[in-house]
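Participant:
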Amino acid sequence: MSGPERLDAPLADPSRRRPVVEDLRRIWARRDFLLFAAGSDLRAQEMDTVLGNTWHLLNPVLQILVYFLVFGLILGTDRGVPNFLPFLAIGIFTFSYMRKVIIGGAKSLHKNRGLIHSISAPRAIFPIAVMLTEAAAFAFPFLVMLFVAVVTGESLAWRWLMMIPIFVAQSLFAVGLGFIAARITFYFRDFENILDFLFRMAFYFSGVLFFVDKFVKDPTARRIADLNPLLDFISLYRWAVLGFPVGTRLIVSALAWTLIAPVAGYLWFQRRERDYGRE
Amino acid sequence: MRRRSREFTQVRAVTDVSFKVKTGEVVGLIGSNGSGKSTLLSAIAGLQPLASGSIRVRGEPTLLGVGAVLDAQLSGARNVMLGCLALGMSRSEANERFDDIVEFAGLRAAIDRPMRTYSSGMRSRLHFSIATSVDPDILLVDEVLAVGDRDFRRRSLKRITDLQGSAKVVVLVTHGLHQVRKVCSRAIWIEEGRLMADGPPDDVLDQYVAFTGGADESLDRDD
Numbered sequence: 001m002s003g004p005e006r007l008d009a010p011l012a013d014p015s016r017r018r019p020v021v022e023d024l025r026r027i028w029a030r031r032d033f034l035l036f037a038a039g040s041d042l043r044a045q046e047m048d049t050v051l052g053n054t055w056h057l058l059n060p061v062l063q064i065l066v067y068f069l070v071f072g073l074i075l076g077t078d079r080g081v082p083n084f085l086p087f088l089a090i091g092i093f094t095f096s097y098m099r100k101v102i103i104g105g106a107k108s109l110h111k112n113r114g115l116i117h118s119i120s121a122p123r124a125i126f127p128i129a130v131m132l133t134e135a136a137a138f139a140f141p142f143l144v145m146l147f148v149a150v151v152t153g154e155s156l157a158w159r160w161l162m163m164i165p166i167f168v169a170q171s172l173f174a175v176g177l178g179f180i181a182a183r184i185t186f187y188f189r190d191f192e193n194i195l196d197f198l199f200r201m202a203f204y205f206s207g208v209l210f211f212v213d214k215f216v217k218d219p220t221a222r223r224i225a226d227l228n229p230l231l232d233f234i235s236l237y238r239w240a241v242l243g244f245p246v247g248t249r250l251i252v253s254a255l256a257w258t259l260i261a262p263v264a265g266y267l268w269f270q271r272r273e274r275d276y277g278r279e
Numbered sequence: 280m281r282r283r284s285r286e287f288t289q290v291r292a293v294t295d296v297s298f299k300v301k302t303g304e305v306v307g308l309i310g311s312n313g314s315g316k317s318t319l320l321s322a323i324a325g326l327q328p329l330a331s332g333s334i335r336v337r338g339e340p341t342l343l344g345v346g347a348v349l350d351a352q353l354s355g356a357r358n359v360m361l362g363c364l365a366l367g368m369s370r371s372e373a374n375e376r377f378d379d380i381v382e383f384a385g386l387r388a389a390i391d392r393p394m395r396t397y398s399s400g401m402r403s404r405l406h407f408s409i410a411t412s413v414d415p416d417i418l419l420v421d422e423v424l425a426v427g428d429r430d431f432r433r434r435s436l437k438r439i440t441d442l443q444g445s446a447k448v449v450v451l452v453t454h455g456l457h458q459v460r461k462v463c464s465r466a467i468w469i470e471e472g473r474l475m476a477d478g479p480p481d482d483v484l485d486q487y488v489a490f491t492g493g494a495d496e497s498l499d500r501d502d
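In the order they appear, the protein sequences are chains A and H. Taking the working numbering, the leading residue of the first sequence gets 1, the next gets one more, and so forth. Taking the working numbering, the leading residue of the second sequence gets 280, the next gets one more, and so forth.
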């Protein structure tokens with residue numbers, strides 16, 4: 001054995017709660033792991049099926065067909081929307097992206113308890129990993145969405161590029177709520193079920209299937225609806241791809257959610273960092 | 280390290296255990312199943328919040344347990360990368376060590392197959408190779424020695440001895456008493472979460488063997 005060489009690091013509690021700056025630095029140091037794990041997760045998802053990764057494309061196509069049949073053709077919620085198919089695709093895919101990130105975030109601490117007990121990485125990496133995996137997976141519905149828009153006669157415009165910042169904003173918002181959902185679910189597992197229900201409800205309140213302006217006439221109700229972040233992001237996409245109008249209030253609300261949700265969510269999540277190893 | 284205990288839903292796994300480990304020491308942590316060895320180890324790694332007492336360490340302790348990170352659906356190669364990155368390596372460091380890890384695990388031919396097609400021996404060899412590819416300040420090893428066939432066990436024991444060169448402190452949880460005699464400079468015996476003995480391996484092990492009736496010792500004589 002080599003001669004004892006004194007460690008010069010200061011004596012510290014290994015389970016101490018790290019200051020935010022140190023925690024962020026440790027998250028940054030794990031970026032390679034996060035990206036690799038996200039890619040691996042995606043790869044493993046459909047591995048046992050005959051069609052394999054084709055399902056990543058088939059799923060959104062089938063999903064959009066079902067909704068189009070039920071809501072477009074049978075129930076006729078398309079009134080007032082000239083090109084309903086891409087309108088619907090945008091609503092469903094971008095809504096379900098946010099839903100997956102937030103619900104996945106809620107489950108992430110429980111799902112990764114094995115990892116939590118074996119590596120001492122910042123716990124915030126788990127909700128972030130969910131977001132990255134879902135963001136990578138979003139490539140498929142995103143392509144379907146654009147394909148549908150082009151096929152149904154939408155012409156390419158520079159405005160489409162705005163989808164990139166909108167996507168980043170939406171992801172930041174979603175991971176912020178993912179943090180909050182993760183902390184609540186850690187102490188109260190039932191929240192997973194409640195969250196499921198909340199999203200079922202939000203699906204109908206966020207204009208996924210219909211154009212809110214046509215249904216919500218009351219100005220006060222419209223003003224409140226503008227504050228719904230899910231509706232905000234869906235509307236922004238519809239503006240970018242289909243040229244639907246968005247008001248200033250909606251844009252301000254979306255910006256506020258983009259900035260406040262991740263910061264507040266992370267800080268609130270990180271305060272209980274030390275607890276997350278408990279069973 | 281001072282007095283510590285961990286409590287959650289009425290489980291007090293470790294109580295009133297105090298000891299101090301100096302740089303250069305290799306400590307073997309022994310005790311029956313459920314005695315609190317693993318809890319103690321993960322507390323040192325900072326993975327268990329303490330109900331009372333305290334633990335102080337210099338540097339970053341690394342617990343050798345990457346099993347939880349690995350995904351049976353993925354190829355052995357992808358798992359090597361995943362495990363290395365989880366242990367805190369950068370992608371280029373992981374790439375650098377990739378060949379050594381595969382070589383040590385003896386899995387060159389099978390590395391592109393999904394890990395679910397591996398035998399349990401192959402899996403544990405891969406775990407061990409990944410886990411021991413880091414050079415930490417404080418190395419915490421939980422029961423990874425008793426894996427694989429005789430040849431692999433012999434090589435892994437040597438690997439741990441090599442790691443002692445780069446790590447400043449090694450704490451080893453094991454049932455392999457023979458290994459403790461062979462590689463440790465000190466042994467700590469805990470039973471039902473309480474400290475029973477602490478000292479030179481031979482003294483502590485003799486007491487432990489007398490306590491258990493000599494059951495454990497013969498298991499791994501052939502290493």
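Note that CB positions come from ideal geometry on N, CA and C, so glycine has one too. Computed from a predicted model, the values in this text were never measured in an experiment.
Which whole runs of the alpha helix (DSSP H) in the stretch 197-251 of chain A are 4 residues long or more, in chain order?
Facilitator: Here the runs fully enclosed are 212-215, 219-226, 229-242.
Participant: Are the C-beta atoms of T294 of chain H and some chain A residue less than 9 Å apart?
Facilitator: It does not; no Cβ of chain A falls within 9 Å.
Participant: Ends of the alpha helix (DSSP H) at W55 of chain A?
Facilitator: That run of the alpha helix (DSSP H) goes 54-67.
Participant: Measuring only between beta-carbons, confirm whether L366 of chain H sits less than 9 Å from chain A.
Facilitator: Chain A contact via Cβ: present.
Participant: How many angstroms separate the CA atom of G243 of chain A from the CA atom of E134 of chain A?
Facilitator: Computed Cα separation, rounded: 26 Å.
Participant: According to DSSP, which residues form a beta bridge with A476 of chain H?
Facilitator: DSSP output for A476 of chain H lists H:W468 as bridge partner(s).
Participant: Taking the alpha carbon of W268 of chain A as the reference point, which residue from A:D226, A:I180, A:R223, A:V216 has its own alpha carbon closest?
Facilitator: Here the closest residue by C-alpha is A:I180.
Participant: Do S403 of chain H and I380 of chain H have their beta-carbon atoms positioned less than 9 Å apart in this structure?
Facilitator: No, they are not a contact pair.
Participant: Please check the pair R337 of chain H and A9 of chain A, which I expect to be a contact at CB under 8 Å, by giving their CB distance rounded to whole angstroms.
Facilitator: Yes, they are in contact, since the Cβ atoms of R337 of chain H and A9 of chain A sit about 4 Å apart, within 8 Å.
Participant: What is the DSSP secondary structure of A12 of chain A, reduced to helix, strand or coil?
Facilitator: Strand, per DSSP.
Participant: For the stretch 106-121 of chain A, which residues have a CB atom closer than 9 Å to at least one CB atom of chain H, in sequence order?
Facilitator: Answer set for the stretch 106-121 of chain A: N112, R113, G114, L115, I116, H117, S118, I119, S120, A121.
Participant: Is the number of C-beta pairs between the stretch 415-422 of chain H and the stretch 447-459 of chain H that are closer than 8 Å three or more?
Facilitator: Yes, they touch.
Participant: Using only alpha-carbon positions, find the residue among A:L231, A:L143, A:L198 that is nearest to G207 of chain A.
Facilitator: It is A:L231 whose Cα lies nearest to the Cα of G207 of chain A.
Participant: Leaving out five residues before and five after M162 of chain A in sequence, what residues of the same chain have Cβ atoms less than 6 Å from its Cβ?
Facilitator: The residues are A240.
Participant: Using the three-state DSSP reduction, which class does R183 of chain A fall into: helix, strand or coil?
Facilitator: It is helical.
Participant: Please report the distance separating the alpha-carbon of E192 of chain A from that of F140 of chain A.
Facilitator: If you take the alpha carbons of E192 of chain A and F140 of chain A, they lie about 26 Å apart.
Participant: Quick one: is I224 of chain A buried, meaning 16 or more other Cβ sit within 10 Å of its Cβ, or exposed?
Facilitator: I224 of chain A comes out exposed.
Participant: In this structure, how does DSSP classify S317 of chain H when only helix, strand and coil are distinguished?
Facilitator: S317 of chain H falls in the helix class under three-state DSSP.
Participant: For the stretch 384-405 of chain H, list every residue whose C-beta sits within 9 Å of some C-beta in chain A, in sequence order.
Facilitator: Under the 9 Å Cβ criterion, the stretch 384-405 of chain H contributes P393.
Participant: Terminal residues of the continuous alpha helix (DSSP H) containing L329 of chain H?
Facilitator: Taken as a continuous stretch (DSSP letters only), L329 of chain H belongs to no alpha helix (DSSP H), as it is neither H nor E.
Participant: Would you mind stating whether I309 of chain H and K316 of chain H have Cβ atoms separated by less than 9 Å?
Facilitator: Yes.
Participant: Give the residues from the stretch 317-339 of chain H that approach chain A closer than 9 Å (Cβ to any Cβ), ordered along the chain.
Facilitator: Flagged, chain order: S321, A322, I323, A324, G325, L326, Q327, P328, L329, S333, I334, R335, V336, R337, G338, E339.
Participant: Just tell me which of H:R387, H:T302, H:T396, H:R395 has its CA closest to the CA of S408 of chain H.
Facilitator: Per the Cα distances, H:R387.
Participant: Between the C-alpha atoms of S284 of chain H and Y187 of chain A, what's the straight-line distance to the nearest angstrom?
Facilitator: Reliability of the predicted coordinates at S284 of chain H is poor, the pLDDT of 47 falling under 50, and the value obtained from them is presented with this limitation in mind. Rounded to the nearest angstrom, the two C-alpha atoms are 22 Å apart.
Participant: Distance cutoff 9 Å, beta carbons only. Does Q458 of chain H sit that close to anything in chain A?
Facilitator: No, Q458 of chain H lies away from the interface with chain A (no Cβ there is under 9 Å from its Cβ).
Participant: Counting C-beta neighbours from all protein chains within 10 Å, is the total for A89 of chain A 16 or more, i.e. buried, or is it exposed?
Facilitator: A89 of chain A comes out buried.
Participant: Compute the Euclidean distance between the alpha carbons of P122 of chain A and G277 of chain A, then round it to the nearest angstrom.
Facilitator: Their backbone Cα atoms lie some 11 Å apart in a straight line.
Participant: Is the stretch 426-443 of chain H in contact with the stretch 367-376 of chain H, if contact means three or more CB pairs nearer than 8 Å?
Facilitator: Judged by Cβ distances under 8 Å, the stretch 426-443 of chain H makes no contact with the stretch 367-376 of chain H, as fewer than three pairs qualify.
Participant: Below 9 Å between beta carbons: does that hold for L227 of chain A and I251 of chain A?
Facilitator: Result no, Cβ atoms of L227 of chain A and I251 of chain A do not sit closer than 9 Å.
Participant: Does DSSP put V459 of chain H in a helix, in a strand, or in coil?
Facilitator: The answer is helix: DSSP assigns V459 of chain H an H, G or I state.
Participant: Are the stretch 351-361 of chain H and the stretch 9-22 of chain A in contact at 8 Å, needing three or more beta carbon pairs?
Facilitator: Because the criterion of three Cβ pairs below 8 Å is not met, the stretch 351-361 of chain H and the stretch 9-22 of chain A do not touch.
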